[in-house]
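This report concerns only the one structure given below.
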Ligand SMILES: *Cc1c(COP(=O)(O)O)cnc(C)c1O
């Protein structure tokens, strides 16, 4: 069957909420993807920053097979060992206190918002608390997560959304201060904005927000769905800043391909928010995805993924900086670790991404004008050289 007819059948069956690239992917090996016609692609997208270990990792495949032969789903009415182990590993990696497993990043945001609202409610009994979120942020498409997503175009058709959401400019502390009221219960932001265009938090901004939260007992919710799990060279990007969240969300590379997310609470929040009956999920924390997430933490240690990212990042940065120097339409590189963006000026980013695909390179865009580089964390210098070669052909 030709890829053309697969695409036509897919468009017949699947609701068209995505403008997809004309490629039907079939399988992956290492950091390469292959389509149904056997064409090879070097992958600098990782399924949107998910497949941190690349494809076909043996230990990863083994745990999937082993757990699939034991038990996939228990419901949360019972205990299961993989959830306990994955939870312990996530807490050890973050230094936080309690975890709730979800099925996605969006659902993790929903839980984080509920935990913050409950914390504030227990404090003063009011039900009109406000949340400050950032412009150009992305937190998901469900009604709660969408309410705190700083993109009016995404929000508008679905209003009214959650009341009491105020937007501030990311990396502008004055604009955050302007939005603070007596009712503010939480400030939500990505440590490194992803979809909005790869903007790392500014150190001083970040410190001031943390101090403001401490002073007023506002909860700091950090969305680590995209920038977490080793992508920046730290397990969680906030660890690079020496600042701790009250609530953290993660997903994407937490499962490296199986659908799992989590919201994680520090002690203060865990002891004063959600209790029995406040929140739930049928699938969340099931033994299948948790066995995989637990193994992901093990593989990160065995394969020294964090050290590798820290070691290889300067090479990628240097190669991208060279492109900025060389090409007038590339105006800036920014990012942290293996989460990098090149700002494109005066040319549509989508055209470059399409050209790159033709040349066997998977890239993604971010925001309106940024080429995004979020490869599997296991890439080598040779892969980076090859990416640069294929990218140059696409300019
Ligand atoms: C992808 C993403 C989400 C949403 O996660 P899903 O798993 O798609 O629901 C939330 N926040 C950030 C920062 C993301 O990049």
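In this note's numbering, the protein residues as written are 16 to 410. All C-beta atoms, glycine included, are put in the ideal place defined by N, C-alpha and C.
Practice item. Kindly provide the chain-ordered list of residues whose Cβ lies closer than 5 Å to any non-hydrogen atom of ligand 1. Key: 119, 120, 121, 154, 155, 205, 209, 238, 240, 241 and 266
**Study point:** Sequence-distant residues of its chain with Cβ nearer than 6 Å to residue 101 (five each side left out)
**Key:** Counting from one through the chain shown, the residue named residue 101 turns up at place 86. If we look at residue 101 and ignore the five residues flanking it on each side, its Cβ neighbours are 305, 308 and 309.
Exercise for review: Return helix, strand or coil for residue 148, following the three-state DSSP convention.
Suggested key: In the chain shown, counting from the first residue as 1, residue 148 sits at position 133. In this structure, residue 148 counts as strand in the three-state DSSP scheme.
Review point. In the structure shown, what three-state DSSP assignment does residue 50 receive?
Key: Within the chain shown, numbered from 1, the residue matching residue 50 stands at position 35. Residue 50 falls in the strand class under three-state DSSP.
Check your understanding: Who are the Cβ neighbours of residue 116 in its own chain at under 6 Å, not counting the five residues just before and after it?
Key -> Position 101 of the chain shown holds residue 116. Same-chain partners within the cutoff: 277, 299 and 300.
Review point. Out of 26, 18 and 35, which has the shortest C-alpha to C-alpha gap to residue 41?
Key: The sequence position of residue 41 within the chain shown is 26, counting from 1. Considering only alpha carbons, the answer is 18.
Review point. What three-state label does DSSP hand residue 259 in the structure shown?
Key: One-based indexing of the chain shown puts residue 259 at position 244. Note: residue 259 maps to coil in three-state DSSP.
Review point. Looking at C-alpha atoms only, which residue of 268, 258 and 270 is the closest neighbour of residue 281?
Key: Here residue 281 is taken as the residue at index 266 of the chain shown, counted from 1. The option with the nearest alpha carbon to residue 281 is 258.
Check your understanding: By Cβ distance below 7 Å, which residues in the same chain neighbour residue 289 in space, the five residues on each side in sequence not counted?
Key -> Within the chain shown, residue 289 is the residue found at index 274, counting from 1. Closer than 7 Å at Cβ, skipping near neighbours: 129, 130 and 133.
**Study point:** Opposing strand residues paired with residue 355 [DSSP bridges]
**Key:** Locating residue 355 in the chain shown gives position 340, counting from the first residue. In the DSSP output, where bridge partners are listed per residue, residue 355 has 350 and 388.
**Study point:** C-beta neighbour in chain B for residue 40, strict 8 Å
**Key:** Absent from the structure is chain B; it holds one protein chain and no more.
Check your understanding: In the DSSP assignment, what residue or residues form a beta bridge with residue 101?
Key -> Numbered from its first residue, the chain shown carries residue 101 at position 86. DSSP lists no partner for residue 101.
Point to revise | Pair within 8 Å by beta-carbon distance, residue 206 and residue 242 | key: Sequence index remark: in the chain shown, residue 206 carries index 191 (1-based). Sequence index remark: in the chain shown, residue 242 carries index 227 (1-based). For residue 206 and residue 242, yes; Cβs fall inside 8 Å.
Check your understanding: Where does residue 158 fall in DSSP's three states?
Key -> By 1-based counting over the chain shown, the position of residue 158 is 143. Residue 158: helix per DSSP, three-state reduction.
Point to revise | Straight-line gap, residue 34 to residue 232 (C-alpha atoms, nearest Å) | key: Locating residue 34 in the chain shown gives position 19, where the first residue counts as 1. Locating residue 232 in the chain shown gives position 217, where the first residue counts as 1. For residue 34 and residue 232, the distance between alpha carbons rounds to 43 Å.
Check your understanding: Which runs of the alpha helix (DSSP H) fall wholly inside the region 215-262 and span at least 4 residues, in chain order?
Key -> 218-231
Practice item. Return the chain-ordered list of same chain residues with a C-beta closer than 6 Å to the C-beta of residue 108, the five sequence neighbours on each side being excluded. Key: Here residue 108 corresponds to residue number 93 of the chain shown, with the count starting at 1. Taken in chain order, the residues that qualify are 250.
Practice item. Would you identify the three-state DSSP class for residue 265, choosing helix, strand or coil? Key: In the chain shown, residue 265 corresponds to position 250, counting from 1. Correct three-state label for residue 265: strand.
Exercise for review: With DSSP as the reference, please indicate the residues paired to residue 380 in a beta bridge.
Suggested key: To locate residue 380, count along the chain shown from 1; it is residue 365. Partner(s): 386.
Point to revise | Separation of residue 55 from residue 70, as counted between CA atoms | key: Stepping through the chain shown from its first residue, residue 70 is reached at position 55. Stepping through the chain shown from its first residue, residue 55 is reached at position 40. Distance between the alpha carbons of residue 70 and residue 55 is about 13 Å.
Check your understanding: What are the boundary residues of the alpha helix (DSSP H) that residue 400 is part of?
Key -> Along the chain shown, one-based indexing puts residue 400 at 385. That run of the alpha helix (DSSP H) goes 396-407.
Review point. Would you say the beta carbon of residue 217 comes nearer than 7 Å to a heavy atom of ligand 3?
Key: Of the ligands this structure carries, namely ligand 1, none is ligand 3.
Point to revise | Per-residue burial, residue 350 [other beta carbons within 10 Å of its own, 16 or more giving buried] | key: What you label residue 350 is simply residue 335 of the chain shown in a count that begins at 1. By the 10 Å Cβ count, residue 350 comes out buried.
Practice item. Provide the residue span of the beta strand (DSSP E) that contains residue 279, from first to last. Key: Counted from its first residue, the chain shown places residue 279 at position 264. Residues 276-280.
Check your understanding: Would a C-beta distance cut-off of 8 Å place residue 39 and residue 212 closer than the cut-off?
Key -> Start at 1 with the first residue of the chain shown, and residue 39 comes out as number 24. Start at 1 with the first residue of the chain shown, and residue 212 comes out as number 197. Cβ atoms of residue 39 and residue 212: not closer than 8 Å.
Exercise for review: Check the C-beta distance from residue 380 over to residue 364 and give it rounded, since I have them as a contact under 8 Å.
Suggested key: Here residue 380 is taken as the residue at index 365 of the chain shown, counted from 1. Here residue 364 is taken as the residue at index 349 of the chain shown, counted from 1. Their Cβ separation, rounded to whole angstroms, is 4 Å, which keeps residue 380 and residue 364 in contact under 8 Å.
Check your understanding: Can you tell me the Cα-Cα spacing of residue 339 and residue 332, whole angstroms?
Key -> Taking the first residue of the chain shown as position 1, residue 339 is located at position 324. Taking the first residue of the chain shown as position 1, residue 332 is located at position 317. Spanning the two alpha carbons is a distance of roughly 10 Å.
Review point. Going by beta carbon distance, what residues of the same chain come within less than 7 Å of residue 391, once the five residues before and after it are set aside?
Key: Here residue 391 is taken as the residue at index 376 of the chain shown, counted from 1. Hits under 7 Å: 46, 58, 61, 66, 67, 68 and 69.
Check your understanding: Per DSSP, which one or two residues make a beta bridge with residue 42?
Key -> Here the question's residue 42 lines up with position 27 in the chain shown. Answer by DSSP bridge pairing, in chain order: 49.
Review point. Rounded to the nearest angstrom, how far is the Cβ of residue 146 from that of residue 200, given a contact under 8 Å?
Key: The residue given as residue 146 occupies position 131 in the chain shown. The residue given as residue 200 occupies position 185 in the chain shown. Contact holds; Cβ gap of about 6 Å.
Exercise for review: Specify the secondary structure class of residue 55 as computed by DSSP and reduced to three states.
Suggested key: As a position in the chain shown, residue 55 is number 40, starting the count at 1. DSSP places residue 55 in strand when its eight states are reduced to three.
Check your understanding: Does DSSP put residue 315 in a helix, in a strand, or in coil?
Key -> On the chain shown, position 300 is the one that residue 315 refers to. Looking at residue 315 - three-state DSSP - the assignment turns out to be helix.
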